[in-house]
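*Asks:* Below is the structure I would like to discuss, written out as structure tokens.
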Amino acid sequence: MTLITLIATLMMFNMPKLPYAHNALEPVISQATIDFHYGKHLQTYVNNLNSLVPGTEFEGKTLEEIVATAPDGPIFNNAGQVLNHTFYFLQFTPAPARHEPEGPLADAIRRDFGLFGSGWAWPSADKDGKLHITKEANGSNPLRAGLTPLLTFDVWEHAYYLDYQNRRADHLQALWDIIDWPAVEKRLK
Ligand code: MN
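First residue of the sequence shown: 130, per the working numbering; consecutive thereafter.
Below is the structure:
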């Protein structure tokens, strides 16, 4: 590997490495859904972003910096989808340490939590630690409003249709069984 290709590789956006096997979240999320959702949809967003960013002002920026500052358009949309899906896939575990959050996150949920509907649904914290639930379209993310995202629910059909068809509420209910609460708690700074 030459220095030039090494630098180019380091500047690429990469797929998040899943901390579980593609079949490990069954029956909540099937291997087929992970294969498509992670392996095809997310990979496409990563590939798009890596082809769009070089030569622009966003070269060398982090995903978070791009999502927070980019104007609406292909770079913002693809960066948002990469960030959102990374965030989404890394919040699950086949063996949750526990089925409820603890500590400051648990306190904030009890105090502030509401219901969420369609779209990407995001429980997030503001700078005072108060929780907000926002809905975001496409690649948007609460960090554009200065919030700290804690958890996200991908309610695009591709996230659940193979496993739950139109039963989105059943799917969302089942997701609570695989949330990696210690990982989510670390996002509440
Ligand atoms: Mn998705």
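Just so it is clear, CB atoms sit at the ideal spot from N, CA and C, and this is done for glycine as well.
Whole-angstrom Cβ separation of residue 297 and residue 197, contact assumed at under 8 Å?
*Replies:* Between residue 197 and residue 297 the Cβ distance is about 29 Å, and since that is not below 8 Å, they are no contact.
*Asks:* Residues in its own chain within less than 6 Å of residue 171 by CB, not counting five upstream and five downstream?
*Replies:* 214
*Asks:* Compute every distance between the C-beta of residue 166 and the non-hydrogen atoms of the ligand MN, then say whether any falls below 7 Å.
*Replies:* Between the ligand MN and the CB of residue 166, the shortest heavy atom gap is smaller than 7 Å.
*Asks:* Tell me the rounded alpha-carbon separation between residue 246 and residue 265.
*Replies:* Reliability of the predicted coordinates at residue 246 is poor, the pLDDT of 43 falling under 50, and the value obtained from them is presented with this limitation in mind. Their Cα atoms are separated by approximately 11 Å.
*Asks:* Using only alpha-carbon positions, find the residue among 201, 212, 240 and 176 that is nearest to residue 191.
*Replies:* 212
*Asks:* Considering only residues of the same chain and omitting the five flanking positions on each side of residue 256, which have a CB-CB separation below 6 Å?
*Replies:* If the five residues before and after residue 256 are omitted, its C-beta is found closer than 6 Å to no C-beta atom of its own chain.
*Asks:* For residue 143, does the count of other Cβ atoms within 10 angstroms reach 16, so buried, or fall short, so exposed?
*Replies:* In the assembly as shown, residue 143 is an exposed residue. Its beta-carbon has fewer than 16 other beta-carbons within 10 Å.
*Asks:* Leaving out the 5 sequence neighbours to the left and right, which residues in its chain are closer than 7 Å to residue 187 when beta-carbon positions are compared?
*Replies:* Closer than 7 Å at Cβ, skipping near neighbours: 195, 199 and 204.
*Asks:* Quick one: Cα of residue 147 to Cα of residue 229, how far?
*Replies:* 22 Å
*Asks:* Between the region 279-297 and the region 155-163, do three or more beta carbon pairs fall short of 8 Å?
*Replies:* Touching, per the Cβ criterion.
*Asks:* DSSP puts residue 262 in a beta bridge; with which residues?
*Replies:* Per the DSSP secondary-structure output, residue 262 pairs in a beta bridge with 252.
*Asks:* Which residues bound the alpha helix (DSSP H) around residue 176?
*Replies:* 172-181
*Asks:* Quick check on DSSP: helix, strand or coil for residue 282?
*Replies:* strand
*Asks:* Helix, strand or coil for residue 277, going by three-state DSSP, please let me know.
*Replies:* Note: residue 277 maps to strand in three-state DSSP.
*Asks:* Between the beta-carbon of residue 249 and the beta-carbon of residue 281, is there less than 8 Å?
*Replies:* In this structure, residue 281 lies closer than 8 Å to residue 249 by Cβ.
*Asks:* Could you tell me the alpha carbon to alpha carbon distance between residue 254 and residue 267, rounded to whole angstroms?
*Replies:* 20 Å
*Asks:* Just checking residue 251 against the ligand MN - is the residue's beta carbon closer than 7 Å to any of the ligand's heavy atoms?
*Replies:* no
*Asks:* Leaving out five residues before and five after residue 243 in sequence, what residues of the same chain have Cβ atoms less than 7 Å from its Cβ?
*Replies:* Residue placement at residue 243 is flagged as unreliable, the pLDDT there being 47, under the threshold of 50; a coordinate-derived value is accordingly withheld.
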